[in-house]
Amino acid sequence: MLYSEKVMDHFSNPRNVGEIEDADGVGEIGNAKCGDIMKMYLKIDDGIITDVKFKTFGCGAAVATSSMATELIKGKSIEDALKLTNQAVVEALDGLPAVKVHCSVLAEQAVRSALSDYYTRQGIDPLPIVGEI
Ligand code: FES
Ligand code: FES
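Heads up: the sequence shown begins at 12 in the numbering used here, then just goes up one per residue.
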């Protein structure tokens with residue numbers, strides 16, 4: 012089996028899909044090479060991520076990694092969410108095939124991009140989005 016049970020579960024039944032209309036931060040990350048896009052919406056209250064939703068135009072691994080990423084940051088502080096790495100998302104999914112690991116970078120960067128947007132709206136300098144997809 013190429014994909015773990017957890018990946019299949021999050022792909023078939025992704026958590027937190029959708030949009031948040033009155034989001035406090037919205038992030039969008041795209042891979043210019045393939046055109047895959049991930050959008051992330053955050054509700055933030057007192058430094059805590061109280062709600063998160065995502066939309067992905069990408070492959071199954073992108074759906075599963077963004078679903079897992081939303082679960083990992085929901086209810087967490089901004090500081091904790093900023094520490095979320097794509098490796099942590101992949102580990103939480105019990106691994107991804109090597110050729111699909113780059114899809115998890117999209118999830119990490121979408122979270123960062125949404126937090127950066129939140130910072131900008133608060134008058135704080137935006138965060139650098141580092142790393143290659
Ligand atoms: Fe586009 Fe993987 S091919 S992110
Ligand atoms: Fe494009 Fe996974 S998001 S291949």
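We put the CB at the ideal spot given by N, CA and C, even for glycine.
This one's a predicted model, so the numbers in the text were calculated from it and none came from an experiment.
May I have the straight-line CA-CA distance separating residue i from residue j, to the nearest angstrom?
i	j	result
D105	L13	12 Å
A34	M49	16 Å
V28	C45	22 Å
A75	I135	31 Å
A72	Q133	33 Å
D128	Y52	10 Å
S23	V110	20 Å
S15	T96	19 Å
E32	T81	17 Å
C114	H21	14 Å
A99	V112	11 Å
P139	D47	21 Å
A43	V63	25 Å
Whose C-alpha, out of the options, is nearest the C-alpha of residue i?
i	options	result
I84	E102, P108, A75, T61	T61
G86	D47, I55, V28	I55
E30	A125, H21, L138	A125
K17	D128, D47, E102, A109	E102
M19	L107, E32, V112	L107
D57	P139, P137, T81, Y130	Y130
Which whole-angstrom value describes the C-beta separation of residue i and residue j, a residue pair presumed to lie in contact below a C-beta threshold of 8 Å?
i	j	result
R26	S78	5 Å
Segment contact flag, the region 113-126 with the region 50-70, C-beta cutoff 8 Å, min 3 pairs: Contact holds between the region 113-126 and the region 50-70, because three or more Cβ pairs, one in each stretch, are under 8 Å apart.
At least three beta-carbon pairs within less than 8 Å, the region 38-50 to the region 85-96: no
Sequence ranges, alpha helix (DSSP H) only - wholly within the region 73-112, length at least 4: 89-93, 97-103
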